[in-house]
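One gets the numbering used here by counting positions in the sequence shown from 1 and adding 6 to each.
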Amino acid sequence: MLNEPLEEIMGKLLEVNPSAATQLLESRGLAIMPMDLVDPLLHQAEQKEDWKEKEKWTFGLEMLTSDLEKLMSDFERQTSDMEKLSSDLEKLTSDLEKMASDEEKLSSGLEKTKKTKENQLGMTEK
């Protein structure tokens, strides 16, 4: 996922966590704008050959890409942690079910033993 274009990574982040994506953009002085508003601005920058402005944008995008990569890495790590916790929970549930079954067997065995003792005592008294 980290080798994908920035637009795709940002699109996925917008789908998964729009508030984090907006916060990340705003922390870098960026914002999401409709293309019909962005195109004239880009066209003006190209006409003026404002290389410093372009370099700033490039640097900002590189920083944003780095931040997105960190966020995606954290997201993947958290997903892995959640999967492990889910697996552990399934194992614990299975263990509890086995313990409940064992408890039922013990209880049944104790009940049979008790009845047998009662019958033996009843026969002895007669």
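The C-beta atom is built at its ideal place from N, Cα and C for all residues, glycine as well.
Does residue i come out as helix, strand or coil in the three-state DSSP assignment?
i, result
"Glu68", "helix"
"Pro11", "coil"
"Pro40", "coil"
"Asn23", "coil"
"Gly35", "coil"
Are residue i and residue j close, meaning C-beta to C-beta below 8 angstroms?
i, j, result
"Ala26", "Leu77", "yes"
"Leu12", "Thr64", "no"
"Ile38", "Leu30", "no"
"Leu134", "Leu74", "The shown model of the chain, from 7 to 132, leaves out residue 134, and the question about it has no answer."
"Met69", "Arg34", "yes"
Please report the distance separating the alpha-carbon of residue i from that of residue j.
i, j, result
"Ser107", "Lys97", "15 angstroms"
"Gln53", "Leu36", "22 angstroms"
"Met105", "Thr99", "10 angstroms"
"Glu61", "Leu47", "15 angstroms"
"Pro24", "Met16", "10 angstroms"
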